[in-house]
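One structure is given below, encoded as structure tokens.
Spelled out as structure tokens, the structure:
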């Protein structure tokens, strides 16, 4: 491929290939060299459009924010709006590979990412609490939704590694809980026996945590 041909590689093609690479390799396996191989260009040609891998990540994160904003609604109470927003973001984090990590590893400098934060602040602005608590509430909500997906991603990685080593993580966990020695009663064992731990990473657990968070924000207004 000639230098002239490389100049014709569009930003869109690079972004589309970036999502494919994240899906195939994960964020830890993302490199400019691998991205160039996917598009069949020299790595140097990518720098005509993007200064670095980080600048690509900034655009990818902004795309997730944009898609989330498109699917938001201003209908209902502030609690209903927050709940719906969290569900929408949760949905898009599952659709775009490694997007939760992208949101954690980028700075909200792009238009859509900033607009997303401002959108949340406008919802929280309806709650009679201080601006400091409003901002903290927004960050807590974002951190919850993003971290929930990151935690699931990392746990799946660990499970795959242990499976390759011939170890059953569930059985190891069960044995560890049963052997737990504590001056307190083993509530963890009871929860495990009732199979509540199997809900980790589930939609039900996500909804429960989200409800707790929103009710906590509501409680701030009553203090």
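In this note's numbering, the protein residues as written are 1103 to 1325.
Quick reminder that beta carbons are idealized off the backbone N, C-alpha and C, glycines included.
Helix, strand or coil at residue 1115 [DSSP, three-state]: Residue 1115 sits at position 13 when you count from the first residue of the chain shown. In the structure shown, residue 1115 sits in a helix (DSSP, three-state: H, G or I).
For residue 1247, the first and last residue of its enclosing alpha helix (DSSP H): Position 145 of the chain shown, counted from the start, is the residue given in the question as residue 1247. Residue 1247 -> alpha helix (DSSP H) spans 1233 to 1266.
Own chain residues within Cβ distance below 6 Å of residue 1199, not counting five before or after: On the chain shown, position 97 is the one that residue 1199 refers to. Closer than 6 Å at the Cβ level, and outside the excluded window around residue 1199, lie 1124, 1125.
Same chain only: Cβ atoms within 8 Å of residue 1104, ignoring 5 sequence neighbours per side: For the purposes of this step, residue 1104 is identified with residue 2 of the chain shown, where counting begins at 1. Interpretation of residue 1104 is limited by its pLDDT of 46, a score under 50 that renders its predicted location unreliable; no figure is taken from the coordinates.
Contacts around residue 1185, its chain only, beta-carbon distance under 7 Å, and the 5 residues preceding and following it disregarded: Position 83 of the chain shown holds residue 1185. Counting only Cβ-Cβ distances below 7 Å, and skipping sequence neighbours, we find 1312, 1316.
First and last residue of the uninterrupted alpha helix (DSSP H) at residue 1134: Taking the first residue of the chain shown as position 1, residue 1134 is located at position 32. Its alpha helix (DSSP H) spans residues 1134 to 1141.
Same chain only: Cβ atoms within 8 Å of residue 1180, ignoring 5 sequence neighbours per side: For the purposes of this step, residue 1180 is taken as residue 78 along the chain shown, with counting starting at 1. Excluding residues within five positions, the ones whose Cβ falls inside 8 Å are 1225, 1226, 1228, 1229.
Three-state secondary structure (DSSP) of residue 1271: Along the chain shown, read from residue 1 onward, the residue named residue 1271 stands at position 169. Per DSSP, reduced to three states, the secondary structure at residue 1271 is helical.
9 Å Cβ cutoff met for residue 1280 and residue 1269: For the purposes of this step, residue 1280 is taken as the residue at position 178 of the chain shown. For the purposes of this step, residue 1269 is taken as the residue at position 167 of the chain shown. Contact flag unset, no.
Unbroken alpha helix (DSSP H) run spanning residue 1311, endpoints: Locating residue 1311 in the chain shown gives position 209, where the first residue counts as 1. Boundaries of the alpha helix (DSSP H) harbouring residue 1311: 1305 to 1324, taken from the DSSP string.
Simplified DSSP assignment, three categories, for residue 1087: The requested residue 1087 is not part of the displayed model; the chain covers only 1103 to 1325.
Sub-9 Å separation of residue 1137 and residue 1120 beta-carbons: In the chain shown, residue 1137 corresponds to position 35, counting from 1. In the chain shown, residue 1120 corresponds to position 18, counting from 1. A contact, by the Cβ cut-off of 9 Å.
Inter-residue Cα distance where the pair is residue 1214 and residue 1271: The residue labelled residue 1214 in the question sits at position 112 within the chain shown. The residue labelled residue 1271 in the question sits at position 169 within the chain shown. Taking the straight line from one Cα to the other gives about 40 Å.
Collapsed DSSP secondary structure at residue 1104 in the structure displayed: Numbered from its first residue, the chain shown carries residue 1104 at position 2. Confidence is the limiting factor: at residue 1104 the pLDDT is only 46, short of 50, which leaves the residue's position unreliable and the question unanswerable from this model.
DSSP-derived helix/strand/coil call for residue 1151: If you number the chain shown from 1, residue 1151 lands on position 49. Of the three classes helix, strand and coil, the one that applies to residue 1151 here is coil, per DSSP.
Span of the alpha helix (DSSP H), counted from its first residue to its last, around residue 1229: As a position in the chain shown, residue 1229 is number 127, starting the count at 1. No alpha helix (DSSP H) contains residue 1229, which DSSP labels as neither H nor E.
CB of residue 1322 within 9 Å of CB of residue 1235, strictly: Residue mapping note: residue 1322 aligns to position 220 of the chain shown, counting from 1. Residue mapping note: residue 1235 aligns to position 133 of the chain shown, counting from 1. Judged by their CB atoms, residue 1322 and residue 1235 are nearer to each other than the 9 Å cut-off.
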